[in-house]
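Structure, as C-alpha cells:
Residue numbers (my numbering): 184 to 269.
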C-alpha cells in the first residue's frame with residue numbers, strides 16, 4: 184500500500200506513532216481521537232495514503248464506510264467508547 188513518510192496518519196497506520204486502536208482490518212484502522220469533539224469521537228483511517236479525498240480509490244471508500252458503520256453501531260450499543268486516561 185502507498186504511504187507518505189510525512190503524513191501523521193500514515194505514521195499511525197504503520198505503528199510509528201502511538202494510538203488507541205478500536206478496530207483494524209486489511210484496509211482500515213479505527214482509533215480514538217486524542218482531542219475528541221465529543222464522547223466516543225474516533226477516526227477511521229484508510230491504511231493507504233491518498234493526498235486528498237477526491238483521489239481516494241473506490242475500494243478505500245467502501246472499506247472506510249464499512250468500518251465507520253461498525254464503529255457507529257458499537258458506539259450506539261455502548262456508553263464506554265471513550266478516550267483512555269493518559
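Beta carbons: idealized from backbone N, C-alpha and C, even for Gly.
Does the beta carbon of residue i sit closer than 8 Å to a beta carbon anywhere in chain D?
i           : result
residue 238 : Reference to chain D is not applicable here, since this structure consists of a single protein chain.
Since residue i and residue j should fall inside the 8 Å C-beta cutoff, what is the C-beta to C-beta distance between them, to a whole number of angstroms?
i           : j           : result
residue 212 : residue 230 : 6 Å
residue 233 : residue 239 : 4 Å
residue 202 : residue 191 : Contact doesn't hold; Cβ gap of about 10 Å is too wide.
Please classify residue i: does DSSP put it in a helix, a strand, or coil?
i           : result
residue 160 : The chain is shown only over 184 to 269; residue 160 falls outside these bounds and no answer can be derived.
residue 197 : coil
residue 237 : helix
residue 214 : strand
residue 204 : strand
Check for me: the alpha helix (DSSP H) holding residue i runs from which residue to which?
i           : result
residue 255 : 241-259
(request) Report yes or no: do the region 245-260 and the region 201-218 share at least 3 C-beta pairs separated by less than 8 Å? (result) yes
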